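Residues 1 to 131 in the UniProt record's numbering are what the sequence shown lists, from first letter to last.
Backbone N, C-alpha and C define an ideal beta-carbon position, used for all residues, glycine too.
Predicted model, so just to flag it, every value in this text is computed and none were measured.
See below for the structure under consideration.
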Amino acid sequence: MTYDQHGPSWSGPGPIGGLGWQRRTLEAALEQVPAAQLDLGVAGYGYTWPRRGTGHTLLTRGARRVVAADGAQAHWKPGPAEWTATLSDGTRIWWSDRRSYAARQALAREYGLHGLAVWRVGSADTLLPLT
Numbered sequence: 001m002t003y004d005q006h007g008p009s010w011s012g013p014g015p016i017g018g019l020g021w022q023r024r025t026l027e028a029a030l031e032q033v034p035a036a037q038l039d040l041g042v043a044g045y046g047y048t049w050p051r052r053g054t055g056h057t058l059l060t061r062g063a064r065r066v067v068a069a070d071g072a073q074a075h076w077k078p079g080p081a082e083w084t085a086t087l088s089d090g091t092r093i094w095w096s097d098r099r100s101y102a103a104r105q106a107l108a109r110e111y112g113l114h115g116l117a118v119w120r121v122g123s124a125d126t127l128l129p130l131t
C-alpha cells in the first residue's frame with residue numbers, strides 16, 4: 001500500500017502518497033517480495049484539511065470542482081507528483097489525477113512490478129495499462 005502518507009485525521013496537509021515516499025516504501029517491500037508479485041497501490045482520491053473541523057475524502061473530479069468553485073489555483077508539485085490547492089477559507093487539498101498515475105506507472109515499470117492497484121474502482125482519473 002503506497003497511499004495515505006498523509007490524511008486529515010492523523011497528519012497535517014501533504015501528499016496522499018508522494019512519489020519519493022512510494023519509492024522508499026516499494027524498495028523496502030522488494031527486499032521481501034519479488035517485483036512480479038507486487039502491485040503499486042495508488043490513491044484514486046484526495047483529502048481536505050480545513051483550518052477547523054475534520055477533513056474529508058474527495059474524488060479527483062470533486063477536488064477539481066471544489067477548487068474551481070472557490071476560484072483557487074491548483075498547483076502541480078513535481079516532487080510528490082500530486083496536485084495541491086489552498087481554498088479561500090484556508091482549507092488545503094491534495095489529490096492525484098492522470099498525470100500522477102503516469103508517474104506511478106513509470107515507477108512500476110522501472111521496478112518491473114506486476115501492475116498498479118487503485119484503492120477503489122471508479123474513484124480514479126483515467127488510468128493507462130502497464131503493457
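Distance from the CA of Gly112 to the CA of Arg92, rounded to the nearest whole angstrom, comes to 34 Å. With a cutoff of 7 Å on beta-carbon distance, Glu82 and Pro15 are scored as near each other. Distance from Leu107 to Leu19 at the Cβ level is roughly 7 Å; contact confirmed, criterion being Cβ atoms closer than 8 Å. For Leu87, no pairing in a beta bridge is given by DSSP. Val118 counts as buried, since no fewer than 16 other beta carbons sit within 10 angstroms of its beta carbon.
With fewer than 16 other Cβ atoms from the protein chains shown falling within 10 Å of its own Cβ, His56 counts as exposed. Sequence-distant Cβ neighbours of Arg51 in its own chain, meaning closer than 8 Å and more than five residues away, are Asp89, Gly90 and Thr91. Remark: C-beta atoms of Thr60 and Asp97 approach each other more closely than 7 Å.
In this structure, DSSP gives Trp21 a helical state, which the three-state scheme calls helix. In the three-state reduction of the DSSP assignment, Gly115 falls in the strand class. Contact between Arg104 and Val42 holds, since their C-beta atoms are separated by about 5 Å, short of 8 Å. Residue state for Leu38 is assigned as coil, using DSSP reduced to three classes.
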